[in-house]
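First up is the structure itself, then whatever we jot down about it.
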C-alpha cells in the first residue's frame, strides 16, 4: 500500500469518527434537554451538588428499597 493511500484512508476515518462523535454529542444534548422539558429529571439539582456537599445535606432523590427493586423488574 502506498503512503498516499494510507493518508487518504486515515483522512476518511478521521472524518467518519468525527461525524459519529458529533452525532453522539448532539443526541446526548437532546436527551438532556427533552428529559428536562418532560420533567423526569431536574439537572439543576444535580448541578448544586458541588455547592451543597455537606454531610447533613438533603439527598437529591429519595428512593426506598422497594422502588429500587421495582425499577429493576424484581419482585418484592
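Residue numbers (the numbering used here): 1 to 76.
Ideal Cβ placement from N, Cα and C applies to all residues, glycine included.
Looking only at its chain, what residues have a beta carbon closer than 8 Å to the beta carbon of residue i, apart from the 5 residues adjacent to it on each side?
| i | result |
| --- | --- |
| residue 46 | 60 |
Going by C-alpha distance, which of the options is nearest residue i?
| i | options | result |
| --- | --- | --- |
| residue 43 | 29, 56 and 54 | 29 |
Would you please state the rounded distance, in angstroms, between the beta carbons of residue i and residue j? I believe it to be under 8 Å.
| i | j | result |
| --- | --- | --- |
| residue 35 | residue 41 | 5 Å |
Excluding five sequence neighbours on each side, which residues of the same chain lie with their C-beta closer than 7 Å to the C-beta of residue i?
| i | result |
| --- | --- |
| residue 32 | 43 |
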